[in-house]
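Okay, so the sequence shown: first residue is 1335 according to our numbering, each after it adds one.
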Amino acid sequence: MPVVANPHFTISLLETPPGVLRVCLTGDFDMSVGDALSAALVKAARRPGVSDVIVDLERTRFIDSHAVAGLVAGFEAARSARRSFTVVNGHGLVQQVLDITGLSEVLCDRS
């Protein structure tokens, strides 16, 4: 179910199994999308009945510092709500940004 969408990006939510909310990011996430991404991730982290937030970057082509700030905002909201927040399926340039910033050590599932 898309939460936010435009021609360049989509943020969609899938809750399965119960208590686990997967936030799928599709497209390009740059400064024009930073606020929408932050708001969506913070809202997901605070959603009633959710214990785990998983941000899926499988279909994410690009992220910049504004997207990184959105991921951090979601992580901080989840942590303050005592919920887990994990980023999965980063690849290519997207994963490189997470690695260079050091966020892959904090946010990414390394199993």
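Glycine is no exception: its CB is placed at the ideal position from the N, C-alpha and C atoms.
In the DSSP secondary-structure assignment, G1361 is bridged to F1343, T1394. Annotated as distal: V1354 and S1346, with beta-carbon spacing of 9 Å or more.
Beyond the five residues adjoining it in sequence on each side, A1379 comes within less than 7 Å, by CB distance, of V1387, G1408, A1411, A1412, A1415, R1417, F1419 in the same chain, given in chain order. For S1418, the enclosing beta strand (DSSP E) begins and ends at 1418-1422.
Around G1368, the same chain offers H1400, A1401, A1403, G1404 as residues with beta carbons nearer than 7 Å, after the five sequence neighbours per side are excluded. Per DSSP, T1435 is one residue of the alpha helix (DSSP H) stretching across 1426-1435. Within the DSSP secondary-structure output, E1349 pairs in a beta bridge with L1355.
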